[in-house]
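The block underneath contains the structure these notes are about, expressed in structure tokens.
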Amino acid sequence: MIPAAPADAPALAALHAAAFPSAEAWGPDALRLMLEMPGAFGLHAPGQGFALARVAADEAEVLTLAVAPALRRRGLGGALLATAMAGAVARGAAAMFLEVSAGNAAARALYAGAGFIEVGRRRRYYPDGADALVLRRGLIASS
Ligand SMILES: CC(C)(COP(=O)(O)OP(=O)(O)OC[C@H]1O[C@@H](n2cnc3c(N)ncnc32)[C@H](O)[C@@H]1OP(=O)(O)O)[C@@H](O)C(=O)NCCC(=O)NCCS
Numbered sequence: 118m119i120p121a122a123p124a125d126a127p128a129l130a131a132l133h134a135a136a137f138p139s140a141e142a143w144g145p146d147a148l149r150l151m152l153e154m155p156g157a158f159g160l161h162a163p164g165q166g167f168a169l170a171r172v173a174a175d176e177a178e179v180l181t182l183a184v185a186p187a188l189r190r191r192g193l194g195g196a197l198l199a200t201a202m203a204g205a206v207a208r209g210a211a212a213m214f215l216e217v218s219a220g221n222a223a224a225r226a227l228y229a230g231a232g233f234i235e236v237g238r239r240r241r242y243y244p245d246g247a248d249a250l251v252l253r254r255g256l257i258a259s260s
């Protein structure tokens with residue numbers, strides 16, 4: 118796993134397209150812009166998966182997390198998430214937030230196992246009409 122650079126955007130877009138429904142796919146330009154946002158950082162396992170996150174003040178957000186379908190259930194998603202959490206702490210975050218579709222059992226299980234809890238819900242947030250759950254995890258002892 119290596120830090121993702123803006124030049125990796127086409128490779129990240131290919132991974133994103135393989136991992137998400139086509140209505141939710143993010144293209145290279147969108148991914149490059151995300152990586153160039155202040156506080157953004159990415160983790161890239163080339164050909165396997167990636168995560169993007171962002172830190173603003175003391176809060177971090179997972180922007181996306183994707184593992185190639187053929188390589189799932191081997192621990193990479195958990196490793197990307199753990200490394201994103203460590204990266205967020207290193208950048209000063211005390212808590213991490215993310216949104217996940219209520220119907221995304223795999224991601225919900227991954228996040229629950231990593232200690233994320235539901236703190237909100239956005240109704241009909243996704244193109245398929247599913248709600249988004251807003252999850253949070255404290256990253257330091259007092260959070
Ligand atoms: C969610 C995703 C990133 C998980 O990646 P992964 O590499 O398969 O995850 P891991 O192998 O690290 O799994 C860690 C744990 O998550 C849970 N989990 C992962 N996939 C699961 C599934 N399909 N069903 C139930 N639990 C699952 C399990 O508890 C698993 O531990 P275990 O294998 O020891 O039982 C992957 O399924 C993916 O890319 N999905 C499509 C994109 C997506 O939904 N991203 C998240 C958007 S918020």
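For the sequence shown, the numbering used here assigns the number 118 to the initial residue and increments by one for each residue that follows.
We treat Cβ as the ideally placed atom computed from N, Cα and C, and that holds for glycine.
Being a predicted model, the structure only gives us computed values, none of them experimental.
Cα-Cα separation between residue i and residue j, rounded to whole angstroms
{"i": "leucine 180", "j": "alanine 170", "result": "5 Å"}
{"i": "proline 145", "j": "arginine 191", "result": "26 Å"}
{"i": "arginine 254", "j": "proline 138", "result": "26 Å"}
{"i": "isoleucine 234", "j": "proline 123", "result": "31 Å"}
{"i": "alanine 147", "j": "alanine 183", "result": "15 Å"}
{"i": "alanine 185", "j": "alanine 130", "result": "12 Å"}
{"i": "alanine 229", "j": "alanine 210", "result": "20 Å"}
{"i": "alanine 207", "j": "alanine 201", "result": "10 Å"}
{"i": "serine 260", "j": "glycine 156", "result": "20 Å"}
{"i": "arginine 189", "j": "alanine 199", "result": "16 Å"}
Residue i CB to nearest heavy atom of ligand 1 below 7 Å
{"i": "glycine 192", "result": "yes"}
{"i": "alanine 222", "result": "yes"}
{"i": "leucine 160", "result": "no"}
{"i": "phenylalanine 233", "result": "no"}
{"i": "valine 217", "result": "yes"}
{"i": "phenylalanine 167", "result": "no"}
{"i": "glycine 230", "result": "yes"}
{"i": "arginine 189", "result": "yes"}
Local Cβ density within 10 Å of residue i, reported as buried at 16 or more and exposed below that
{"i": "alanine 168", "result": "buried"}
{"i": "alanine 258", "result": "exposed"}
{"i": "glutamate 153", "result": "exposed"}
{"i": "leucine 252", "result": "buried"}
Residues sharing a beta bridge with residue i, DSSP
{"i": "leucine 169", "result": "Gly159 and Thr181"}
{"i": "leucine 119", "result": "A small fix is needed here, since residue 119 is isoleucine in this sequence, not leucine. Its beta-bridge partners are His161."}
Note down, one range per segment and in chain order, each alpha helix (DSSP H) of at least 4 residues found wholly within the stretch 138-167.
-> 145-152
Sequence ranges, beta strand (DSSP E) only - wholly within the stretch 210-254, length at least 3 = 212-218 and 234-239
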